[in-house]
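First residue of the sequence shown: 1, per UniProt numbering; consecutive thereafter.
Built from N, CA and C at the ideal position, the CB exists for glycine as well.
On a predicted model such as this, the values are computed, not experimentally measured, just so you know.
Here the structure is laid out as structure tokens; the discussion comes afterwards.
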Amino acid sequence: MRSAETIDRIVIIGGGISGLSSAFYLQREAERQGRQVRLTIVEEAPSFGGKINTLQRDGFVIEKGPDSFLARKQAIIDLANELGLSDELTATNPGAKKTYIMHNKKLHAMPPGLVLGIPTEIKPFIGSSLLSLSGKLRALMDLVLPAKPAVGDESLGGFIERRVGTQIMRRIAEPLLAGIYAGDLKKLSLKATFPQFAESERKHGSLIRGMMANRKATAAAASAKAKGNTFLTFKGGLSTMVRALDQALSKADRRLGVKAERLEKTTEGYTVVLADGERLEADRVLVTVPAFAAAKLLEPLTDVEELKAIRYVSVANVVMAFEKKTFGLDFDGSGFVVPRSEGLHITACTWTSSKWLHSSPEDKVLLRCYVGHSEDQESPKLPDDQLIAAVRKDIRETMGITAEPIFTEITRLESSMPQYPVGHIDRMHALRARVKKDLPGLWITGAAFDGVGLPDCIRQGKEAAAELLR
């Protein structure tokens with residue numbers, strides 16, 4: 001029998017959003033159950049947050065990592081409410097609803113009703129200049145093509161191509177979805193990335209009909225903050241949530257700026273050995289670091305081939321601030337995405353000061369350009385001067401921008417985007433079953449497993465907390 005005085009020693013390895021949300025829900029659930037826990041969070045970086053990194057500079061709110069999250073995913077809304085941050089949430093500028101896609105070096109407005117690259121309104125889609133007539137007709141064949149029997153996983157790109165054709169896949173879906181995964185759709189798992197696509201085919205016999213139904217259902221179920229909005233963030237940037245989690249976890253021990261070097265299994269649980277020689281005794285351990293780092297920790301204790309097989313992609317973003325009076329351009333939308341066939345260094349450009357009104361002083365303009373994807377790992381590695389020159393060349397050719405920036409901020413996110421190959425979900429299930437058998441009291445979670453977005457990481461953190469206390 002567990003006595004009321006028993007203290008569970010739990011070590012969380014990784015202080016990104018997965019680790020922090022896990023710790024928050026561990027603390028909250030332990031209190032609800034009347035259990036005592038001693039939480040220790042180990043983070044190699046000197047501060048919490050992982051890829052979340054908001055820079056406040058000269059009146060600008062600049063995101064050096066992710067800049068927002070999907071409003072329809074409830075996990076992050078719930079956490080914001082629990083942290084008392086609901087009033088800090090802010091939506092995109094209602095006057096900047098348009099998004100553009102580059103095709104043949106020109107910007108084309110995405111037709112209304114496009115959801116994850118799939119048309120849900122037929123008339124605007126037919127009138128779009130993004131596809132040829134044959135490409136549009138091929139897409140609409142989805143409405144009459146028979147559904148394929150469910151036979152396991154397939155590639156995301158292969159599925160989209162099979163249902164709505166190559167033009168939509170390459171010209172629309174890939175550049176849009178590349179912002180989430182920075183990957184080749186022909187190599188990404190359908191079940192691990194957009195299982196709702198497969199469900200649409202299975203349930204409605206058509207991807208388009210299924211996405212129409214999903215759009216209506218999502219709109220009906222959306223929270224008050226999410227209604228009418230695709231993306232949300234915080235007025236002071238995403239680091240607002242990191243600071244609130246840090247404060248909520250004030251009772252937790254933290255080891256910042258030191259790496260978890262190895263794990264040792266003991267008769268009572270585990271020992272986490274830190275790079276500075278400190279040894280942390282633990283009854284339970286939660287590992288939330290990237291797959292390649294988790295593999296190094298766990299490999300001496302169990303087979304981790306599935307973790308070692310997950311490839312990571314490096315990306316970079318270049319943020320430029322301008323004086324509005326010399327900029328020479330007004331925006332009527334939130335930005336544009338770039339198919340790989342266009343041959344540019346940038347994969348997308350967010351007109352940040354137009355999309356997020358809180359991000360810039362009124363007399364300034366803020367742009368953020370994204371560089372790098374799974375098939376271009378050289379551009380993010382360019383020296384600063386070459387990277388800036390390449391990005392400025394791209395925005396000059398695409399938008400005619402020749403103004404000199406007030407300043408430029410470069411962020412390189414090395415090995416930051418996990419790629420989910422076909423069969424990913426089954427492999428992760430097999431891995432977790434093995435870890436549960438070989439390493440009781442240890443759990444692994446994070447972006448490498450079941451969703452790369454902030455809400456997905458938070459949801460997985462909550463699930464991990466429940467699993468560790470079960």
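(1) Please classify residue 46: is it buried, with 16 or more other beta-carbons within 10 angstroms of its beta-carbon, or exposed?
(2) Inspect the beta-carbon positions of residue 409 and residue 259 and report whether they are closer than 8 Å.
(3) Whole angstroms are fine: how far does the CA of residue 7 sit from the CA of residue 164?
(4) If I follow the unbroken alpha helix (DSSP H) through residue 396, where does it start and stop?
(5) Go ahead and pull the three-state DSSP assignment for residue 466.
(6) Would you kindly report the start and end of the unbroken alpha helix (DSSP H) that includes residue 44?
(7) Where does residue 149 land, buried or exposed, given buried means 16+ other C-beta within 10 angstroms?
(8) Might you give, ordered along the chain, the residues of its own chain that have their beta carbon closer than 7 Å to the beta carbon of residue 380, omitting 5 neighbours on each side?
(9) Under 8 Å, do residue 335 and residue 349 count as touching if we go by C-beta distance?
(10) Residue range of the alpha helix (DSSP H) that residue 420 falls in?
(11) Going by beta carbon distance, what residues of the same chain come within less than 6 Å of residue 423, once the five residues before and after it are set aside?
(12) Pairing CB atoms from the region 193-205 with CB atoms from the region 99-106, are three or more of them under 8 Å?
(13) Out of curiosity, what's the CA-to-CA distance linking residue 325 and residue 55?
(14) For residue 323, which residues of its own chain have a beta-carbon under 8 Å away from its beta-carbon, when the five flanking residues on both sides are left out?
(15) Report the CB separation of residue 490 from residue 454 in whole angstroms; it is logged as a contact under 8 Å.
(16) Within the same chain, show all residues whose beta-carbon is closer than 7 Å to that of residue 17, passing over the 5 residues directly before and after it, in chain order.
(17) Per DSSP, what are the beta-bridge partners of residue 486 in this structure?
(18) For the alpha helix (DSSP H) containing residue 450, name the first residue and the last one.
(19) Where do the ends of the alpha helix (DSSP H) carrying residue 32 lie?
(20) Could you compute how far the alpha carbon of residue 246 sits from the alpha carbon of residue 201?
(21) Go through its chain and collect everything with a Cβ distance to residue 278's Cβ below 8 Å, but skip five positions before and after it.
(22) Give me, in chain order, the residues of the same chain whose beta-carbon lies closer than 8 Å to that of residue 268; leave out the 5 immediate sequence neighbours on both sides.
(23) Measuring straight from C-alpha to C-alpha, what distance separates residue 24 and residue 391?
(24) Just to confirm, is the Cβ distance from residue 108 to residue 129 under 8 Å?
(25) Consider the Cβ of residue 201: report whether some Cβ of chain B lies at a distance smaller than 8 Å.
(26) Applying the criterion that 16 or more other CB atoms from any shown protein chain within 10 Å of the CB defines a buried residue, is residue 214 buried or exposed?
(27) For residue 189, list the residues DSSP reports as bridge partners.
(28) Please name the residue or residues paired with residue 181 in a DSSP beta bridge.
(29) Looking at the ligand FAD, does it come within less than 7 Å of residue 329, judged from the CB to the closest heavy atom?
(30) If you follow the alpha helix (DSSP H) that residue 204 is part of, which residue opens it and which one closes it?
(31) Find the nearest neighbour of residue 393 within the set 346, 355, 431, judged by alpha-carbon distance.
(32) Please report the straight-line C-alpha distance between residue 26 and residue 288, rounded to a whole angstrom.
(33) Residue 15 and residue 69: beta carbons closer than 8 Å?
(34) Which whole-angstrom value describes the C-beta separation of residue 10 and residue 37, a residue pair presumed to lie in contact below a C-beta threshold of 8 Å?
(35) Buried or exposed: which applies to residue 57, given that a residue is buried once 16 or more other Cβ atoms fall within 10 Å of its Cβ?
(36) So residue 60 packs on residue 359, CB below 8 Å; how close in whole Å?
On the basis of the coordinates in this document:
(1) Your numbering for residue 46 matches position 46 in the sequence shown. Residue 46 comes out exposed.
(2) What you label residue 409 is simply residue 409 of the sequence shown in a count that begins at 1. What you label residue 259 is simply residue 259 of the sequence shown in a count that begins at 1. Contact: no.
(3) In the sequence shown, residue 164 corresponds to position 164, counting from 1. In the sequence shown, residue 7 corresponds to position 7, counting from 1. In a straight line, the C-alpha of residue 164 is about 56 Å away from that of residue 7.
(4) On the sequence shown, residue 396 is found 396 positions in, with the first residue counted as 1. Taken as a continuous stretch (DSSP letters only), the alpha helix (DSSP H) holding residue 396 covers 384-399.
(5) Looking up residue 466 in the sequence shown gives position 466. If DSSP states are grouped into helix, strand and coil, residue 466 belongs with the helices.
(6) Against the sequence shown, residue 44 aligns to sequence position 44. Taken as a continuous stretch (DSSP letters only), residue 44 belongs to no alpha helix (DSSP H), as it is neither H nor E.
(7) Sequence index remark: in the sequence shown, residue 149 carries index 149 (1-based). Result: exposed.
(8) Translated into positions along the sequence shown, residue 380 becomes position 380. The residues are 314, 315, 316, 371, 372, 412.
(9) On the sequence shown, residue 335 is found 335 positions in, with the first residue counted as 1. On the sequence shown, residue 349 is found 349 positions in, with the first residue counted as 1. It is a contact, given that the beta carbons lie within the stated cut-off.
(10) One-based indexing of the sequence shown puts residue 420 at position 420. Where residue 420 is concerned, there is no enclosing alpha helix (DSSP H), given that its DSSP letter is neither H nor E.
(11) Against the sequence shown, residue 423 aligns to sequence position 423. Here the set comprises 153.
(12) no
(13) Position 325 of the sequence shown, counting from 1, holds the residue named residue 325. Position 55 of the sequence shown, counting from 1, holds the residue named residue 55. The straight-line gap from Cα to Cα measures roughly 24 Å.
(14) Mapped onto the sequence shown, residue 323 falls at position 323. Counting only Cβ-Cβ distances below 8 Å, and skipping sequence neighbours, we find 363, 364, 365, 403, 406.
(15) What the structure shows of the chain is the stretch from 1 to 470, and residue 490 is not part of that stretch, so it cannot be assessed.
(16) Within the sequence shown, numbered from 1, the residue matching residue 17 stands at position 17. So the qualifying residues of the chain are 50, 52, 454, 457, 458.
(17) The shown model of the chain, from 1 to 470, leaves out residue 486, and the question about it has no answer.
(18) Locating residue 450 in the sequence shown gives position 450, counting from the first residue. Unbroken alpha helix (DSSP H) run through residue 450: 447-450.
(19) Reading the sequence shown from its first residue, position 32 is the one you call residue 32. Its alpha helix (DSSP H) spans residues 17-33.
(20) For the purposes of this step, residue 246 is taken as the residue at position 246 of the sequence shown. For the purposes of this step, residue 201 is taken as the residue at position 201 of the sequence shown. Each residue's Cα considered, the two are about 43 Å apart.
(21) For the purposes of this step, residue 278 is taken as residue 278 along the sequence shown, with counting starting at 1. Around residue 278: 255, 258.
(22) By 1-based counting over the sequence shown, the position of residue 268 is 268. Only 281, 283 meet the Cβ criterion.
(23) On the sequence shown, residue 24 is found 24 positions in, with the first residue counted as 1. On the sequence shown, residue 391 is found 391 positions in, with the first residue counted as 1. Each residue's Cα considered, the two are about 40 Å apart.
(24) Sequence index remark: in the sequence shown, residue 108 carries index 108 (1-based). Sequence index remark: in the sequence shown, residue 129 carries index 129 (1-based). Yes; because the gap between Cβ atoms is below 8 Å, this pair is in contact.
(25) The question asks about chain B, but that chain is absent: this structure has only one protein chain.
(26) As a first step, residue 214 must be located in the sequence shown, where it is residue number 214. Result: buried.
(27) Position 189 of the sequence shown, counted from the first residue, corresponds to residue 189. The partner list for residue 189 (beta bridge, DSSP) reads 155.
(28) Residue numbering aside, residue 181 sits at position 181 when the sequence shown is read from its first letter. Answer is none; residue 181 lacks a bridge partner.
(29) The ligand content of the structure shown is nil, which means the ligand FAD is not present either.
(30) As a working mapping, residue 204 is identified with position 204 in the sequence shown. Note, residue 204: alpha helix (DSSP H), 195-204.
(31) As a first step, residue 393 is located in the sequence shown; it is residue number 393 there, counting from the start. The candidate whose alpha carbon is nearest that of residue 393 is 346.
(32) Working through the sequence shown from its first residue, we reach residue 26 at position 26. Working through the sequence shown from its first residue, we reach residue 288 at position 288. Answer to the nearest angstrom: the Cα atoms are 14 Å apart.
(33) Numbered from 1 along the sequence shown, position 15 holds the residue referred to as residue 15. Numbered from 1 along the sequence shown, position 69 holds the residue referred to as residue 69. Cβ atoms of residue 15 and residue 69: not closer than 8 Å.
(34) Working through the sequence shown from its first residue, we reach residue 10 at position 10. Working through the sequence shown from its first residue, we reach residue 37 at position 37. 6 Å between Cβ atoms; contact.
(35) To locate residue 57, count along the sequence shown from 1; it is residue 57. Exposed: under 16 other Cβ atoms inside 10 Å.
(36) Your numbering for residue 60 matches position 60 in the sequence shown. Your numbering for residue 359 matches position 359 in the sequence shown. That pair is a contact at about 6 Å.
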